[in-house]
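In the numbering used here, the protein residues as written are 55 to 667.
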């Protein structure tokens, strides 16, 4: 969740670190800080509560020289957001400077032992415990900084991504990883370090992804990679498939709006090369080695968190509907702790935008230990989930910087749709004509989303009317129910309005008590097999003076005469409609949040990638 950057080379480090922190600010924005090894040999620490811009102002009157440095943008876990708890943290005698993403679970016990040995602590963080533990081992054992780091980490229980500088070894930057991502950028006589590739791409396309229990020792002209148990490793250099324009706003006021409007392209990129040019077949090469097991699966379990869980619910409907395989969808955070029954012939599919979600990674390990075949649906190449699973499919959404997920959701659903269509055909549940019709309809989705986006001003008009609402209700049936959940989540995340999503049939089992003239109710009411039922639900809402915002199939006249507002959606097959109905809900949430003056790309208390429990 926190963001880490580092640099060692011939250039001045300050601008590289600050710009890198700005790229990573979506991972946390409670406070920010940097440490620089100055040209005079002194180690300085600059840190400030607030965003990276606040740190920049603080640094204006400070010495910012130096060609080695580390930086951090924080999402608070231990200790409230303030200057004292901001990273970097120095050890008591100043030998070590540490920044950290993760949670040290046994920090309290380690802290007590260090206090018993005379150490004092200035902050409430678990990171300061790490810095002092490294220093204690360094001084007591008279060992190198690298050895002190490795020995300290062998005493640690928990997750970490670390960047470390030792004052007595000024030509080294040490990085270590367990459970929190780190990537090294390889330049000419220089190395870059970051939590993900976004701060690195403008400097180099050559990267090394660290694995769990890796320790990297970076010099200006050399890199040594080993495990915490001192086993030598051979670095594997990979090429980034990312352009600097992918991580810029591109003229949009917010990343979220840009990413909403990118969805026609991102969905097309997700099926491009997988759907044949003549629209007669789908091939998912990443599943080739496990396709036989998928075809013959007795049960599929889909795991996810947040928006990915909502995509998984749609996946359940798709796979059961088209392929007739039983599917269960679970929150990864609950699955890992509830002693689930997992059979060795189960297929477990884990969905994650970042590929680093802590609960999802833990659930993967649980499923693997039980002998299940584990697949991943992920956006970030080189992340942990693709490396931990037996096979999988990348979504090709491109970098998603806005904290509230948009294009990740629709590309995840696109992948799940392709999987369901393939399985339905291979299992004999779909005729060739239906199979090809589904493929043709899926290939038309990007253009239909473009048609919806053309009515952006209409969504803004409705947002103006309801921006001051204190509650929202979202209703849908069948494939539209998970979309209702996702629409409510988007509104909560970025506008701070309380919102709930429900199956429309459940309205009479409680939520109807909330409906009055002040309650906006968003109803997804497409012309599908539930249409007559949803019309009845709208009538029940209007009888109680509720305000109805209805998403309807293009050309619908019945609901137009009942609802307060109608948003038309191009017609498509029911199985693919969620790819269209979610777009107006994303835009409605976006505009309401902007009108309320909320921080759309960096909503309070949230971070993009949940890499801690």
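Where is the CB? At the ideal position from N, CA and C, for every residue including glycine.
Residue i, enclosing alpha helix (DSSP H) - first and last residue
i: residue 273; result: Residue 273 -> no alpha helix (DSSP H), and no H or E assigned at all.
i: residue 468; result: 461-480
i: residue 418; result: 412-423
i: residue 565; result: Element bounds for residue 565: n/a, residue is neither H nor E.
i: residue 387; result: 386-389
i: residue 440; result: 438-442
i: residue 373; result: 361-377
i: residue 111; result: 106-113
i: residue 306; result: Careful: residue 306 lies outside any alpha helix (DSSP H) and carries neither H nor E.
i: residue 349; result: 345-349
i: residue 648; result: 632-649
i: residue 163; result: 161-170
i: residue 325; result: 317-325
i: residue 513; result: 510-520
i: residue 491; result: 486-507
Beta strand (DSSP E) segment containing residue i, residue limits
i: residue 554; result: 552-557
i: residue 584; result: Counting along the chain, residue 584 falls outside any beta strand (DSSP E), and DSSP gives it neither H nor E.
i: residue 526; result: 525-530
i: residue 605; result: 601-607
i: residue 208; result: Neither: residue 208 is in no beta strand (DSSP E) and is coded neither H nor E.
i: residue 89; result: 85-91
i: residue 248; result: 245-248
i: residue 18; result: In this structure the chain extends from 55 to 667, so residue 18 is not present and cannot be described.
i: residue 533; result: Per DSSP, residue 533 belongs to no beta strand (DSSP E) and is neither H nor E.
i: residue 619; result: 619-623
i: residue 435; result: No beta strand (DSSP E) contains residue 435, which DSSP labels as neither H nor E.
Integer Cβ distance of residue i from residue j, believed to fall under 8 Å
i: residue 214; j: residue 156; result: 4 Å
i: residue 607; j: residue 580; result: 5 Å
i: residue 489; j: residue 527; result: Not really, about 37 Å apart at Cβ, beyond 8 Å.
i: residue 67; j: residue 126; result: At roughly 14 Å, the Cβ-Cβ gap does not stay under 8 Å, so residue 67 and residue 126 are not in contact.
i: residue 269; j: residue 206; result: So it is not a contact: roughly 11 Å between Cβ atoms.
i: residue 165; j: residue 183; result: 5 Å
i: residue 340; j: residue 445; result: 6 Å
i: residue 618; j: residue 310; result: Rounded, the Cβ-Cβ distance is 26 Å, inconsistent with contact.
i: residue 574; j: residue 601; result: 5 Å
i: residue 78; j: residue 57; result: 3 Å
Classification of residue i by the beta-carbon crowding that lies within 10 angstroms, buried from 16 upward
i: residue 552; result: exposed
i: residue 2; result: As displayed, the chain neither begins before 55 nor continues past 667, which places residue 2 out of reach and without an answer.
i: residue 291; result: exposed
i: residue 392; result: exposed
i: residue 162; result: exposed
i: residue 252; result: buried
i: residue 313; result: buried
i: residue 542; result: buried
i: residue 360; result: buried
i: residue 508; result: exposed
i: residue 139; result: buried
i: residue 111; result: exposed
i: residue 76; result: buried
Residue i beta carbon near the ligand ADP (any heavy atom closer than 7 Å)
i: residue 461; result: The model on display carries no ligand, and the ligand ADP is accordingly not part of it.
For residue i, the nearest candidate out of the options (CA to CA)
i: residue 550; options: 87, 424, 659 and 262; result: 659
i: residue 116; options: 574, 101 and 557; result: 101
i: residue 224; options: 605, 418, 512 and 123; result: 123
i: residue 64; options: 389, 373 and 243; result: 243
i: residue 81; options: 106, 519 and 166; result: 106
i: residue 374; options: 457, 113, 386 and 356; result: 356
i: residue 220; options: 142, 558 and 563; result: 142
i: residue 562; options: 317, 343, 591 and 208; result: 591
i: residue 118; options: 431, 72 and 419; result: 72
i: residue 370; options: 403, 289 and 104; result: 403
i: residue 218; options: 110, 112, 316 and 97; result: 97
i: residue 425; options: 417, 413, 397 and 408; result: 397
i: residue 598; options: 394, 578 and 571; result: 571
i: residue 532; options: 309, 75 and 367; result: 367
i: residue 99; options: 150, 331, 62 and 595; result: 150
i: residue 234; options: 545, 565, 415 and 534; result: 415
i: residue 624; options: 500, 212 and 429; result: 500
i: residue 288; options: 295, 280 and 604; result: 280
i: residue 427; options: 504, 348 and 362; result: 348
i: residue 616; options: 635, 637, 594 and 634; result: 594
i: residue 336; options: 302, 472 and 448; result: 472
Proximity test, Cβ basis, 8 Å: residue i and chain B
i: residue 109; result: The displayed structure is made up of one protein chain only, and chain B is not part of it.
Report task. Decide if the region 321-338 is in contact with the region 375-389; the criterion is three or more beta carbon pairs, one per stretch, under 8 Å apart. Result -> no
Query raised in the report: Given 8 Å as the limit, is there contact between the region 598-616 and the region 464-479, that is, 3 or more CB pairs closer than that?
Result: no
Query raised in the report: So, do the region 261-272 and the region 184-191 have three or more beta carbon pairs nearer to each other than 8 Å?
Result: no
Requested in this report: Report yes or no: do the region 455-474 and the region 624-635 share at least 3 C-beta pairs separated by less than 8 Å?
Outcome: yes
Requested in this report: Count the CB pairs spanning the region 446-460 and the region 487-507 that are closer than 8 Å, and state whether there are at least three.
Outcome: no
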